[in-house]
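Residue numbers (our numbering): 85 to 404. We treat Cβ as the ideally placed atom computed from N, Cα and C, and that holds for glycine.
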């Protein structure tokens, strides 16, 4: 690692970073891969070259984005692939469309509860790809009944597998699936938790599609509320106190537990920060931990359905 906490040596790979904390080049044996980003920090291309053989790329992939979600990849001389996602689970793929020239083909994705692809089938039901995805996203095996290779780089929600390095691109960071952690520190610091390299304590329940902070989504407010109290460790009513109410309805909307644990009901914030779930109604939680350091863990749980009574945007007028 360098002095900024960025991984610089991995197996036989040498990793180079820019001043924005973005991985820009990986050297491995006789090849090197270069990565380019746009002004929003999204990776828009990667190209692999033979070392000492000039500037002609052996392979190149260009990426198109819809906000902070991968929409399409264009692979040099191989064609393009467009991804389609679940309307209620924005990082869960349901299908992709591939094409080259006039040809088009649709592929269907079958995911687990987090939105991680487990299988891909053709329109006639033929299994073209199945992965053996371990708990923290490492794919131990590729299986296909079609007899042909199928390009399937999607892993944990928001992650893209780079076969030239074995790392997963996770928008604002890169992730090492064999050890279940990121290879650079969290850009948002302690707001993402005390462990600056952690993905999530439990990848079956939590996701981090942007490489920044733990996010969850539930189908309704009650499910989000229950999950928030469980995540905060506030399951004993005798240890919970009321701290804030919705001034319009009188409904309690913030709860405190021992050692800094907290649960709060919030509306979309003015900043509409999708990286923190601020663009949707959400339940915020913080587990017990060192005060002033963000607690042991913290996160937001967005939910569908009507907005529940929530904390006021003005400080001081909603205290119990």
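Enclosing alpha helix (DSSP H) for residue i [first to last residue]
{"i": "residue 223", "result": "No alpha helix (DSSP H) holds residue 223; the beta strand (DSSP E) holding it covers 223-227."}
{"i": "residue 312", "result": "305-316"}
Residue span of the beta strand (DSSP E) that contains residue i, given as start and end
{"i": "residue 139", "result": "Where residue 139 is concerned, there is no enclosing beta strand (DSSP E), given that its DSSP letter is neither H nor E."}
{"i": "residue 162", "result": "Where residue 162 is concerned, there is no enclosing beta strand (DSSP E), given that its DSSP letter is neither H nor E."}
{"i": "residue 382", "result": "382-387"}
{"i": "residue 127", "result": "127-134"}
{"i": "residue 348", "result": "346-350"}
{"i": "residue 215", "result": "211-217"}
{"i": "residue 201", "result": "201-205"}
{"i": "residue 187", "result": "187-195"}
{"i": "residue 302", "result": "298-302"}
{"i": "residue 370", "result": "366-370"}
{"i": "residue 393", "result": "Where residue 393 is concerned, there is no enclosing beta strand (DSSP E), given that its DSSP letter is neither H nor E."}
{"i": "residue 177", "result": "177-184"}
{"i": "residue 336", "result": "336-340"}
{"i": "residue 234", "result": "Looking at the DSSP string, residue 234 is not in any beta strand (DSSP E), and its letter there is neither H nor E."}
{"i": "residue 118", "result": "115-121"}
{"i": "residue 283", "result": "Per DSSP, residue 283 belongs to no beta strand (DSSP E) and is neither H nor E."}
Beta-carbon gap between residue i and residue j smaller than 9 angstroms
{"i": "residue 195", "j": "residue 221", "result": "no"}
{"i": "residue 170", "j": "residue 181", "result": "no"}
{"i": "residue 176", "j": "residue 302", "result": "no"}
{"i": "residue 99", "j": "residue 267", "result": "yes"}
{"i": "residue 212", "j": "residue 232", "result": "yes"}
{"i": "residue 455", "j": "residue 371", "result": "The chain is shown from 85 up to 404; residue 455 falls before or after that span and cannot be answered."}
{"i": "residue 292", "j": "residue 373", "result": "no"}
{"i": "residue 393", "j": "residue 349", "result": "yes"}
{"i": "residue 328", "j": "residue 396", "result": "yes"}
{"i": "residue 325", "j": "residue 367", "result": "no"}
{"i": "residue 121", "j": "residue 97", "result": "no"}
{"i": "residue 187", "j": "residue 206", "result": "no"}
heavy atom of the ligand NAD below 8 angstroms from residue i C-beta
{"i": "residue 293", "result": "Only the bare structure without any ligand can be found here, which leaves the ligand NAD out of the picture."}
Cβ shell of residue i (< 6 angstroms), same chain only, five flanking positions each side left out
{"i": "residue 315", "result": "369"}
{"i": "residue 159", "result": "145"}
Beta-carbon proximity list for residue i, same chain, < 7 angstroms, skipping 5 on both sides
{"i": "residue 377", "result": "With a pLDDT of only 49 at residue 377, under 50, the local geometry of the prediction cannot be trusted, and no value is derived from it."}
{"i": "residue 362", "result": "352, 353, 355 and 356"}
{"i": "residue 265", "result": "281, 282 and 283"}
{"i": "residue 185", "result": "none"}
Whole-Å CB distance - residue i paired with residue j, under 8 angstroms assumed
{"i": "residue 237", "j": "residue 256", "result": "Contact doesn't hold; Cβ gap of about 18 angstroms is too wide."}
{"i": "residue 249", "j": "residue 93", "result": "Between residue 93 and residue 249 the Cβ distance is about 13 angstroms, and since that is not below 8 angstroms, they are no contact."}
{"i": "residue 133", "j": "residue 115", "result": "7 angstroms"}
{"i": "residue 149", "j": "residue 126", "result": "5 angstroms"}
{"i": "residue 151", "j": "residue 164", "result": "At roughly 19 angstroms, the Cβ-Cβ gap does not stay under 8 angstroms, so residue 151 and residue 164 are not in contact."}
Close Cβ partners of residue i (< 8 angstroms) along its chain, the five nearest in sequence each way excluded
{"i": "residue 223", "result": "215, 216, 217, 239, 245 and 261"}
{"i": "residue 85", "result": "91 and 92"}
{"i": "residue 304", "result": "387, 388 and 389"}
*Decide if the region 280-297 is in contact with the region 328-343; the criterion is three or more beta carbon pairs, one per stretch, under 8 angstroms apart.*
no
_Three or more C-beta pairs below 8 angstroms linking the region 304-320 and the region 340-347_ = yes
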